[in-house]
Amino acid sequence: MLPNFSVAPNQITLRAATLADAEQISALVNLGEREGQLIPRSLDAIRASIGDWIVALDDDRPEQGRRVIGVGSLVEMGPTLSEVRSLAVAPDYRKFGIGAKLVAALVELAREREIPTLFALTRAVPFFEKQGFATTTKDDFPEKVWRDCVVCPVRDACDEVAVVKSVNGNHIAS
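Remember, the numbering used here sits 38 above the position in the sequence shown when you count from 1.
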């Protein structure tokens with residue numbers, strides 16, 4: 039079961055995404071793409087993978103409804119490996135620890151799914167290091183390279199760094 043987190047100054051709830059969240063998830067992912075931080079995901083792809091998404095909701099502004107203000111997904115690459123993907127927080131809510139709470143929820147989801155290792159490709163290495171990830175090489179993740187990177191339009195000029203975390207707490211050498 040996913041924990042609920044409170045983050046000052048607003049009350050934030052984290053939960054598994056539902057199909058009703060798909061358009062708001064898409065809006066945050068598209069914003070991340072425009073900012074140059076995320077790879078685009080179509081609304082259809084988000085809907086098809088809705089069970090892999092976590093959302094953060096702002097409970098402090100009931101007049102706006104339960105607005106999705108943060109998202110992240112966990113994509114299984116095999117029986118022992120999942121990717122933290124499409125982590126995004128709405129601009130007005132950044133620097134309140136919501137991204138860290140989303141990562142913690144995704145780690146818990148991996149634990150529930152008995153996935154021992156998580157990784158991400160990111161430009162935000164210090165953020166992921168604060169969440170217990172260590173830098174490594176993309177070569178450690180051929181599942182990712184052959185599934186996604188091989189068709190990526192910027193693969194030859196990719197500036198993302200691979201980071202990895204053991205879900206069970208065992209040290210992973212970098």
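All C-beta atoms, glycine included, are put in the ideal place defined by N, C-alpha and C.
Worksheet item: If we call anything under 8 Å between Cβ atoms a contact, is Val163 one with Val199?
Response: Working through the sequence shown from its first residue, we reach residue 163 at position 125. Working through the sequence shown from its first residue, we reach residue 199 at position 161. Yes, these two residues count as a Cβ contact at 8 Å.
Discussion item. Could you pull the DSSP bridge partners for Thr155 from this structure?
Written reply: As a first step, residue 155 is located in the sequence shown; it is residue number 117 there, counting from the start. Paired residue(s): Leu119 and Ser204.
Discussion item. If contacts are defined as beta-carbon pairs under 8 Å, then Val122 and Ala158 qualify, I think. What distance do you get, rounded to the angstrom?
Written reply: As a position in the sequence shown, residue 122 is number 84, starting the count at 1. As a position in the sequence shown, residue 158 is number 120, starting the count at 1. With a Cβ gap of about 4 Å, Val122 and Ala158 count as contacting.
Worksheet item: Across which residues does DSSP place Glu114 in a beta bridge pair?
Response: As a position in the sequence shown, residue 114 is number 76, starting the count at 1. Ser120.
Worksheet item: Do we get a CB-CB distance below 8 Å when we pair Leu125 with the residues of chain B?
Response: The structure shown has no chain B; it contains just one protein chain.
Worksheet item: In angstroms, rounded to a whole number, what distance separates the CA positions of Gly135 and Leu57?
Response: Counted from its first residue, the sequence shown places residue 135 at position 97. Counted from its first residue, the sequence shown places residue 57 at position 19. Approximately 25 Å, taken between the alpha carbons.
Item to complete: Confirm, please, whether the CB-CB distance from Val141 to Thr174 is below 8 Å.
Response: Residue numbering aside, residue 174 sits at position 136 when the sequence shown is read from its first letter. Residue numbering aside, residue 141 sits at position 103 when the sequence shown is read from its first letter. Contact: no.
Worksheet item: Just to confirm, are Ile63 and Ile84 a CB contact at a threshold of 8 Å?
Response: Mapped onto the sequence shown, residue 63 falls at position 25. Mapped onto the sequence shown, residue 84 falls at position 46. Cβ atoms of Ile63 and Ile84: closer than 8 Å.
Item to complete: List the endpoints of the continuous alpha helix (DSSP H) containing Ile84.
Response: The count along the sequence shown starts at 1 and reaches residue 84 at position 46. Residues Leu81 to Ala86.
Item to complete: Would you mind reading off the limits of the beta strand (DSSP E) that contains Ala94?
Response: In the sequence shown, counting from the first residue as 1, residue 94 sits at position 56. Residues Trp91 to Asp96.
Worksheet entry | Residue from Val106, Thr155, Asp96 and Ser80 with nearest C-alpha to Ala55 | As a position in the sequence shown, residue 55 is number 17, starting the count at 1. Ranking the options by Cα distance to Ala55, first place goes to Val106.
Worksheet item: Hey, how far is the Cα of Gly108 from the Cα of Glu61?
Response: Working through the sequence shown from its first residue, we reach residue 108 at position 70. Working through the sequence shown from its first residue, we reach residue 61 at position 23. Each residue's alpha carbon lies about 13 Å from the other.
Discussion item. Which of the three DSSP states is assigned to Leu76 in this structure?
Written reply: Taking the first residue of the sequence shown as position 1, residue 76 is located at position 38. In the structure shown, Leu76 sits in coil (DSSP, three-state: anything other than H, G, I, E or B).
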